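Peer 1: Here you go, one structure.
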Amino acid sequence: MLSDIHRAVIGTDGSDRPARIAAAMAPHLRQPDLLSAASCESCPNGYIRHLLHADREQGYAVVALVWRPGQMSPVHAHRTWCALGVHTGSLTEGFYALPDQAAQPVQTAALLRRSGDTSSGPADPDLIHRLSNLSMANAISIHAYGADFDRFGSDVNLLY
Ligand SMILES: [Fe+2]
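Note that the working numbering has the sequence shown beginning at 1155, numbered continuously upward.
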């Protein structure tokens, strides 16, 4: 999977890049042996990130996120492009809008992302979403971001 993601990253720097990266992930997502046991470990305090690959030269990183039932991300947008795919379980992706003068984003839609499904988007402060594990089992998703892993905190997520 990582070599296919890499080919997609270097293959284009156009607006279709996130979708191409998601498409490169898709055929691998349901492979039972995609991840090591260590990359599937969950954490009781919140969803956890395991680094799968960091490419400083191209400025991107790939991580596995493990979500226990009830765990969710903050409501956020991205300062970089992002592509994700669900490996095991299912996640609910909520979408939000920030109306003029509104203090907080309001949810406008939600989609169930199941094993094998992908989602992607460009860096855009108006593309606001949240991933939640509303199921009864752990879920694992694969995410690629156009930022160095050690800058994930400040460079990837724009929190609301
Ligand atoms: Fe996100």
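Note that the Cβ used here is the ideal one computed from N, Cα and C, for glycine as well.
Since we're looking at a predicted model, the values are computed, not measured.
#1: On the CB-based measure, 16 or more other CB atoms within 10 Å of its CB, does N1367 come out buried or exposed?
#2: In the DSSP assignment, the alpha helix (DSSP H) including S1157 goes from what residue to what residue?
#3: Return the residue from the list A1180, A1256, M1179, A1208 that minimises the CA-CA distance to D1304.
#4: Can you tell me where the beta strand (DSSP E) with A1264 in it begins and where it stops?
#5: Just mark M1290 as buried or exposed, buried being the case when its beta carbon has 16 or more other beta carbons within 10 Å.
#6: Could you tell me the boundaries of the beta strand (DSSP E) in which R1203 lies?
#7: Which residues share a DSSP beta bridge with N1311?
#8: Decide if I1164 is buried, meaning its Cβ has at least 16 other Cβ atoms within 10 Å, or exposed.
#9: Could you name the residues, in chain order, whose CB is less than 6 Å away from a heavy atom belonging to ligand 1?
#10: Could you say which of Y1250, L1266, H1160, L1265 lies nearest to P1259 if we only look at CA atoms?
#11: From P1223 to R1268, what distance separates their C-alpha atoms?
#12: Whose C-beta lies closer than 6 Å to the C-beta of Q1261 among residues of the same chain, with five residues either side of it excluded?
#13: What are the residues that DSSP puts in a beta bridge with M1226?
#14: Does the structure place the segment 1230 to 1249 close enough to the segment 1270 to 1278 that three or more beta carbon pairs sit under 8 Å?
#15: Sort I1175, N1292, G1168, V1220 by Cα distance to S1157 and report the nearest one.
Peer 2: In terms of the structure at hand:
#1: Outside the shown range of the chain, which is 1155 to 1314, sits residue 1367, and nothing can be said about it.
#2: 1156 to 1165
#3: A1208
#4: 1260 to 1268
#5: exposed
#6: 1202 to 1209
#7: H1232
#8: exposed
#9: H1230, H1232, C1236, H1283
#10: Y1250
#11: 14 Å
#12: G1248, Y1250
#13: S1286
#14: yes
#15: I1175
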